[in-house]
Every structure is written in C-alpha cells, then in structure tokens.
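Heads up, the thing below is written out as structure tokens.
There are 2 protein chains.
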Amino acid sequence: MIQASICTIGDEILIGQIVDTNSSHISRALNDMGVRVTRMLSIGDDRNEIIGNLSRELALCDIVIVTGGLGPTKDDITKAALAELSGSTAYKEDARQLEIIGRILRDRGLDMLDINRQQASVPDKCEVIPNRLGTAPVMVFRFEKERFGRRSTLYSLPGVPFEATGALNDILEDIHSHYLTERILHRTVMTYGIAESALAKKLAGWEESLPESIHLAYLPDPLKGVRLRLSIYGGTSTDDGSMLDEQLARLRQILGDSIYSMQDDTLQNTVGRLLKKAGKTLSVAESCTGGMISSLITSVPGSSEYYLGSVTSYAVSVKENVLGVEDDIISRAGVVSSECAAAMAEGIRRLTGSDYSVATTGLAGPGGGSDKNPVGLVWIGVSSPTGTVTSSRLFKNDRIRNIERFAASALDFLRKRIESELNH
Amino acid sequence: MIQASICTIGDEILIGQIVDTNSSHISRALNDMGVRVTRMLSIGDDRNEIIGNLSRELALCDIVIVTGGLGPTKDDITKAALAELSGSTAYKEDARQLEIIGRILRDRGLDMLDINRQQASVPDKCEVIPNRLGTAPVMVFRFEKERFGRRSTLYSLPGVPFEATGALNDILEDIHSHYLTERILHRTVMTYGIAESALAKKLAGWEESLPESIHLAYLPDPLKGVRLRLSIYGGTSTDDGSMLDEQLARLRQILGDSIYSMQDDTLQNTVGRLLKKAGKTLSVAESCTGGMISSLITSVPGSSEYYLGSVTSYAVSVKENVLGVEDDIISRAGVVSSECAAAMAEGIRRLTGSDYSVATTGLAGPGGGSDKNPVGLVWIGVSSPTGTVTSSRLFKNDRIRNIERFAASALDFLRKRIESELNH
Numbered sequence: 053m054i055q056a057s058i059c060t061i062g063d064e065i066l067i068g069q070i071v072d073t074n075s076s077h078i079s080r081a082l083n084d085m086g087v088r089v090t091r092m093l094s095i096g097d098d099r100n101e102i103i104g105n106l107s108r109e110l111a112l113c114d115i116v117i118v119t120g121g122l123g124p125t126k127d128d129i130t131k132a133a134l135a136e137l138s139g140s141t142a143y144k145e146d147a148r149q150l151e152i153i154g155r156i157l158r159d160r161g162l163d164m165l166d167i168n169r170q171q172a173s174v175p176d177k178c179e180v181i182p183n184r185l186g187t188a189p190v191m192v193f194r195f196e197k198e199r200f201g202r203r204s205t206l207y208s209l210p211g212v213p214f215e216a217t218g219a220l221n222d223i224l225e226d227i228h229s230h231y232l233t234e235r236i237l238h239r240t241v242m243t244y245g246i247a248e249s250a251l252a253k254k255l256a257g258w259e260e261s262l263p264e265s266i267h268l269a270y271l272p273d274p275l276k277g278v279r280l281r282l283s284i285y286g287g288t289s290t291d292d293g294s295m296l297d298e299q300l301a302r303l304r305q306i307l308g309d310s311i312y313s314m315q316d317d318t319l320q321n322t323v324g325r326l327l328k329k330a331g332k333t334l335s336v337a338e339s340c341t342g343g344m345i346s347s348l349i350t351s352v353p354g355s356s357e358y359y360l361g362s363v364t365s366y367a368v369s370v371k372e373n374v375l376g377v378e379d380d381i382i383s384r385a386g387v388v389s390s391e392c393a394a395a396m397a398e399g400i401r402r403l404t405g406s407d408y409s410v411a412t413t414g415l416a417g418p419g420g421g422s423d424k425n426p427v428g429l430v431w432i433g434v435s436s437p438t439g440t441v442t443s444s445r446l447f448k449n450d451r452i453r454n455i456e457r458f459a460a461s462a463l464d465f466l467r468k469r470i471e472s473e474l475n476h
Numbered sequence: 053m054i055q056a057s058i059c060t061i062g063d064e065i066l067i068g069q070i071v072d073t074n075s076s077h078i079s080r081a082l083n084d085m086g087v088r089v090t091r092m093l094s095i096g097d098d099r100n101e102i103i104g105n106l107s108r109e110l111a112l113c114d115i116v117i118v119t120g121g122l123g124p125t126k127d128d129i130t131k132a133a134l135a136e137l138s139g140s141t142a143y144k145e146d147a148r149q150l151e152i153i154g155r156i157l158r159d160r161g162l163d164m165l166d167i168n169r170q171q172a173s174v175p176d177k178c179e180v181i182p183n184r185l186g187t188a189p190v191m192v193f194r195f196e197k198e199r200f201g202r203r204s205t206l207y208s209l210p211g212v213p214f215e216a217t218g219a220l221n222d223i224l225e226d227i228h229s230h231y232l233t234e235r236i237l238h239r240t241v242m243t244y245g246i247a248e249s250a251l252a253k254k255l256a257g258w259e260e261s262l263p264e265s266i267h268l269a270y271l272p273d274p275l276k277g278v279r280l281r282l283s284i285y286g287g288t289s290t291d292d293g294s295m296l297d298e299q300l301a302r303l304r305q306i307l308g309d310s311i312y313s314m315q316d317d318t319l320q321n322t323v324g325r326l327l328k329k330a331g332k333t334l335s336v337a338e339s340c341t342g343g344m345i346s347s348l349i350t351s352v353p354g355s356s357e358y359y360l361g362s363v364t365s366y367a368v369s370v371k372e373n374v375l376g377v378e379d380d381i382i383s384r385a386g387v388v389s390s391e392c393a394a395a396m397a398e399g400i401r402r403l404t405g406s407d408y409s410v411a412t413t414g415l416a417g418p419g420g421g422s423d424k425n426p427v428g429l430v431w432i433g434v435s436s437p438t439g440t441v442t443s444s445r446l447f448k449n450d451r452i453r454n455i456e457r458f459a460a461s462a463l464d465f466l467r468k469r470i471e472s473e474l475n476h
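As given, the protein sequences belong to chains A and B, one line each in that order.
Everything in the first sequence is counted per the numbering used here, starting at 53 for the first residue and increasing by one.
Everything in the second sequence is counted per the numbering used here, starting at 53 for the first residue and increasing by one.
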C-alpha cells in the first residue's frame, strides 16, 4: 500500500496560535484514493529541522506532502531548505505562476514588488503545479531510490487552507498517474445513548467474529454519540463492499434504534431529515440547555422549512407567563420534574402551533443540586398530536459538557419518538 | 530552554476524521510556562509505530506529551506499547483512579465491568496522576539518561479534549517541580469589532515604539474578537510587570471601548458581570442566530441571576404572535430590517419584563439573499428603559461562521450600550 506522510511547517502551529486543519483535509482525500497516511508532523521554521525531518519522512514514505512555510516574509524558509534537500543548484522562474501573481496583484490594485516576483522562482530540480488561488506555486520533487532508499515524491503546498485545498486535486491526479494506488473502503454508523465501553461490551461477540480484514474504530463525541467506523484496507472488489454491508446489517440487528444514521451524520441533521420527509414542524422549550438545542437545529441549512422557533425559559416567570406552565405544577413537582418538562413541551406547541416539540428542564451546575434533584439531572419532554412523553437522564460533567449532553439526549429522544410515529 | 514534543495517537486523526485540537491547546500552555514545543506528531494505533516514534522523541526532547489511544476498546493500544517502552514487567491497579471510575459509573447508573476496571490498571514503571474527569488516568514515565541519551519524561493523557484539558494543570505542575522553566510574563487585552489587519494598522505606531523585550501577538477568535497578548520572556522583576502595565494603559487610550476586558475573557462573561453589578436583568429575541446568543449567555455559571430567557422566532408567525411584532412592520420593512430588530427587542422585554434585551434578525445563508438584504447581513436591536437602538453588520462567511459573528456582534453591541448607560 502506498504510504504517505503529511508535514506542516510553521512556528504559528507549534506555539498553538493556529490549529492545523490542512492535514486532516489532505489525509481524508488521500485515504479516499487508497493512500495510507502513516504519520503527520508539525515542525518549525528552522532549516535544520526541515531538512532533517523531511529526509527521514522521504526514507519512510512513498509520498510526503508538505504544507506551509512558503510565504513571502523572512520567517518562511521552506523553499531554500527544499532547494538544498533536492540538490538544486539554481532557481528558475515559472512563467505560468508569474502570470497568476500579476493577475492577483492587479485585482487588488497593487504593483508587483521584487518580493512578489520571487514567489514564482523555484529550485531547478522541481516541477511546478501552478497555484491559481495564491502566489506560491506547488512544487513537486521526485527522488530516485538511491537518494533516500526508496523512490519517493515530495509535494510542497502553500499553508493557507483554501489554497492548499484548491491545489489538492492536481496533486491527487499527479499521484494517480505516478503510483498504483489501492482502495480503502469505509462505512460509518452513528449511534447515540450507549457509552463507548458499554457499546464495546455489547458488540464484543460481533467484533470477535469480524473477518480479519475489517478494522473497527470507536469514535465518541459529546454531541454526536459514538461513531463506529468499519474499514477494509486494500479493499478491491464489490465483494469487500458487500462484506462491509453484511456487517452493517448485523450491527443494525444488535443495536436497533440506538443507530440514528448509517453515514457520518449529526442528530440535528437526522431530526431535520425525518421532519422534512414527514412534512411536520418543530418547536423547542429550553430551560437548562439555554438555547443550545435551538442553536443546533438552526445550524442545519434549510432548517426554516420545519423549525418554527423556541422559548428559553430560564426564569420561572417565563415558564409560567410565556409557556403557560401552571404554578400548581411548579409548586407541587418543582421545575426539574417530568410534569414540568411535559407542560413546557405542550406549552411551546400551543404557542407556536408546531406538530412536534421537545423541552428540557434540569440542573447543569455547578452547585444548586439536592438529593432528589442532583446536578447533572435533566428531564426531557416530547409532545406531538399523539401525546406527550418524558424521560430523564443523569450526567456528571462540568456545566458546558452537561449542557451538551442534555441537548444531544433531548434531540435523540425526539428522534426516536418521530421515528416510532412515522413507522406506525 | 526545555524542549517538548507533542504526540497524538489514533487512526481517526490520520484518516482525517478528527481534527487534533489538543496539541494546539497543550502547546499554548507549555509556551506560556516557557517550555518550547519543537515538534508535533500524529501516529496511528500501531504498536511498532508508537514505540519507534516515541523512542525517537524521547531522545530528542526533554518532555514528550502523548494524547489519545487510551480508550477501553481494543483498537486503543497505547498503554501496552508504553509498558513495553518503559520496560514494565507487570501492571498495577491505581486505587484513586479506580475510585473515580466507580463514581463515574455509579453516577451514570452503570455497573463496573472488567473493561472499566482495566482502565485503572497501569504499567508498574509509571506514576499515576488521577484523571478526575474520565476513566483513563494520566501516566508519567521518567527515563534516566542511559535509556534514550537524555533525561526525559513522557506524559500520557487521554485523547478526549475536555479530559486532556482538565489534566493539563497537573502536568504543568509536575513539569514545574522537575524542570527549571523560565518565567514568562503575560498580559491579555480583549478587543471586539476591529479586524486583525485593521487593528495591526491602527496599532502600528504603538507597536513600533514597544520596548524590544515585549513580544506582541494577535490572536483572533470568531466569538471573542481579537485577543492581544503582550509577553516578556524571562521576565523576572516587578519592573517588567509595570512596563507591561504602562503599555496596557497606552493601548486603552488608542482602542477605547473596542476593549471589553483587560484579561482573557469572553463577551458573554463581560455582559454578565456588567448586569450583575448594575442589578439589571436581560432577555433575548433571536431570529438568524437561532439560539446561539442565549446559549452563550447561559454557558456562564450563575447566569440565572440576571438572565430571564429568550424567544427564537424562526417563523414569521412566532415573531408576530409571540413577540408581538406588528405585521405592518414586516410587510413594510421586511423581517430583515432595523424596524423588525427594534420591535423584536421591545417585544421580548414586554414579554419577560427584563431591563435589557437584545435581538437579531438577518440572513446566515446559504442562499436567500437579495441586493437589498444580502446573505451575511444582520440587524441588531438593543432595548432598555431609556429606549431602543439598532445597528447592522455585514459578514461574508459560511452559515455557521456568520451565525457566530452575528451572535458575537450582538453581544458586543449590548455590552457597549450597558457600559454607556452605567457610566451616565
């Protein structure tokens, strides 16, 4: 299998000023075409570090993709280091890139300075792929086996994310035409409501019985639940595809409605898809989640098709006066109760006229809990024309994390309710 | 200077399914305490890769911080690899971590399984720092010079970001007590409403005149604005402190009310502090921000002291029926208008009885814009007993980023209004 390494150059990443998103983007694209990324590396703007580390990567991997360090300012020294690494003895000017630089500067109403023109100048041992979105070209260095012990190729990309992304297709094509790439097959399953360890126990028998070629990964996320990923490296045929699909069918049987999607997805997307399909509308009443459920729902483009709105009732007076929760419920059962969650869900449906609604009331902390109502407790209510149901959950995290878990649990409870009603 | 390397373990990063944010967070903290991060590395869940790469890092750096690969499931093999690397011959159970695991499971209403108990079991050559936020403990391996050619320490942290962050302070303390770190003095100033490049231009003269020992960094964040950090490396004395404070005073003069805090802070914290101090209450009416403003405000512990609640009016009917926006305004001026933002702000104040309110209405995209009301336009209204004011902003980002900018701009507009009223 073709192996690749992705290297990021720049002090700004090492001091934590910038989060590197290029590497993740590039590795996804490489994986999809069957190139296995075995390492990612971030190093500083230091000549020795660059030459030492890249030499090592070129000895270990077939393909080394370098991003960053190509800016016009003095602290960017990648190009000089690559010239040395490749044994280039001179620089050559790339006419196509120079033209692009001229156009970019004209568009911005700027004159071409020496510092700009130098961007089109590259070590003579490299091939150039013009960068249409920026001033620094992509450089391709091909090394024969004698140099680092294996035939290897180094691609140097600009660090600006949209330029790196823009150049990626040309690089993938170049890899395709120079290497025999293998295919990697992936399937993703989204689950919610079962913790990673409990899920592992539940799936132990199935996992044991998996064909050896299938690799399984558990990827937990507070807002998405546990994502399961099945992969076959070097998957060549439709046989491998159907082998994965067969395992997905078994997973479905074991996990039932704990699965909310058979592709990489979110709960809010799934809820939106279900509502759109059924032609139903939704509203939300939030206490402890403080607006996060509404915020998640409206993060989905097109959510205005099914989403009417919400009330965040932080104060008791808003629960009573806006949502119409009777003070009798609050004095008898308290604001953190099944009764209050149900009344809030019914109140927001009445107020907005939506088909479905979901409500939360609980204690995110810190402080304020009691034995009966501990911090981390949330009551969820879901109301629809067929009636109102409630459920409670208990989490033990910090405030922000509790709010996230409350919101995701509420979306999942709503999702299951809509699914069960649509199936009837 | 003490040198460190940060290593992330996990296939999910190499295949691009997850963006590594831990490394950036950890490196910022290490830099702040005067430890220089020279490399970051991501490798897969592969025994040989783990042992080979970590051995090399331990030979090159004083401190190696490893995150990830400690989950309870089979694909996580970091612990076994670290046992081998450290020459451990057995495992020992850490009683403190076992107790934490028990508590976490009890809180979730779960029984302790073997797979959970194993999380408390660590290679006998390591010291344990209990992880209070999760099940996998932090492991500390100390290597004498003979082993890798330099005295080095390896810290293994869980990969879940909030657990890694939570464990970080203990690790920094351990580094402090074992290494001679240099002191770095920092001051932070929070600004909002001026883009990074415009800010740099505005501050050019001041920046030129800064004493050479003062290092300035611009740290932009969509929800917080641009954070300015002034640092003196190796700052030893009170003189250095007063030199920094003098520069802060000059900054205050140049930037005026674009500064919302003289310490690392958020807009929602600042608004909360102002309201608490004045004994005033707040409510929110959101259209395009969809709940995010309310969610930000309630992310602050104790926000129920001043926050009453919100209405998210995604549908026009909710604007009219719940917030009482007159249909005359909507038909004449449209929902994205100064008039509608003002009416929403007044409507939510009427509904909740709050002293202050803030409202947003705009277009987050994608699609749906016009020449008059382009995608990225937001109208903000702020209402208080002294009257209602509105303001508009235009951003050019994707949906999520537009919503964030809208929400932060609204909080900042509210913040300035409260400040100006309190100063009268």
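Beta carbons are placed, not taken as given, at the ideal position from N, Cα and C, and that holds for glycine.
All of these numbers come straight from a predicted model, not from anything done at the bench.
Contacting residues, own chain, Cβ-Cβ under 7 Å from residue i (five flanking each side not counted)
i, result
"residue 121/B", "61, 62, 97, 128, 129, 130 and 211"
"residue 66/A", "94 and 96"
"residue 194/B", "205"
"residue 248/A", "270, 272 and 278"
"residue 87/B", "54, 56, 115, 227 and 233"
"residue 302/B", "258"
"residue 468/A", "309"
Spatial neighbours of residue i in its chain, beta-carbon cut-off 8 Å, leaving aside the 5 residues before and after
i, result
"residue 197/B", "203"
"residue 57/A", "89, 90, 91, 92, 93, 109, 112, 113, 115, 116 and 117"
"residue 154/A", "164"
"residue 306/B", "254, 255 and 258"
"residue 393/A", "411, 412, 413, 431, 432, 433 and 442"
8 Å Cβ cutoff met for residue i and residue j
i, j, result
"residue 361/B", "residue 363/A", "yes"
"residue 365/B", "residue 339/B", "yes"
"residue 78/A", "residue 185/A", "no"
"residue 406/B", "residue 397/B", "no"
"residue 411/A", "residue 451/A", "no"
Helix, strand or coil at residue i [DSSP, three-state]
i, result
"residue 213/B", "helix"
"residue 69/A", "coil"
"residue 42/B", "The first residue shown for chain B is 53 and the last is 476, placing residue 42/B beyond what the model contains."
"residue 407/A", "coil"
"residue 53/B", "coil"
"residue 352/B", "coil"
"residue 195/B", "strand"
"residue 368/B", "helix"
"residue 361/B", "strand"
"residue 337/A", "strand"
"residue 261/A", "coil"
"residue 471/A", "helix"
"residue 179/B", "strand"
Cβ neighbours of residue i in the same chain (closer than 6 Å, five flanking residues each side left out)
i, result
"residue 371/A", "365 and 377"
"residue 470/B", "326"
"residue 82/A", "56 and 89"
"residue 346/A", "336 and 362"
Original post:
At which residue ranges does the stretch 123-164 of chain B contain complete alpha helix (DSSP H) runs of 4 or more residues, listed in the order of the chain?
Top reply: 130-137 and 147-159
**OP:** Note down, in chain order, all residues in the stretch 213-226 of chain B with a beta-carbon under 7 Å from any beta-carbon belonging to chain A.
**Re:** 214
Subject >> Contact residues within the stretch 363-386 of chain A, judged by C-beta distance below 8 Å to chain B >> reply: 363, 364, 365, 366, 367, 369, 370, 373 and 374
Subject >> Contact residues within the stretch 431-458 of chain A, judged by C-beta distance below 8 Å to chain B >> reply: 446, 447, 448, 449, 450, 451, 452, 453 and 455
Original post:
Hey, which unbroken runs of the alpha helix (DSSP H) at 4 residues or more fall wholly within the stretch 70-115 of chain A?
Top reply: 74-84 and 99-112
Original post:
Taking the runs of the alpha helix (DSSP H) that are 4 residues or longer, which of them lie wholly in the stretch 268-328 of chain B?
Top reply: 290-307
Original post:
Where in the stretch 387-464 of chain A do unbroken runs of the beta strand (DSSP E), each at least 3 residues long, occur, reported from the N-terminal end onward?
Top reply: 408-414, 429-436 and 439-446
**OP:** At 3 residues or longer, and completely inside the stretch 205-259 of chain A: list those beta strand (DSSP E) runs for me, N to C.
**Re:** 236-243
Original post:
Closer than 9 Å, Cβ to any Cβ of chain B: which residues of the stretch 226-251 of chain A, in chain order?
Top reply: 236, 238, 240, 247, 248, 249, 250 and 251
Original post:
What residues in the stretch 53-80 of chain A bring their beta carbon closer than 9 Å to a beta carbon of chain B?
Top reply: 58, 60, 65, 66, 67, 68, 69, 70, 71, 72, 73, 75, 76, 77, 78, 79 and 80
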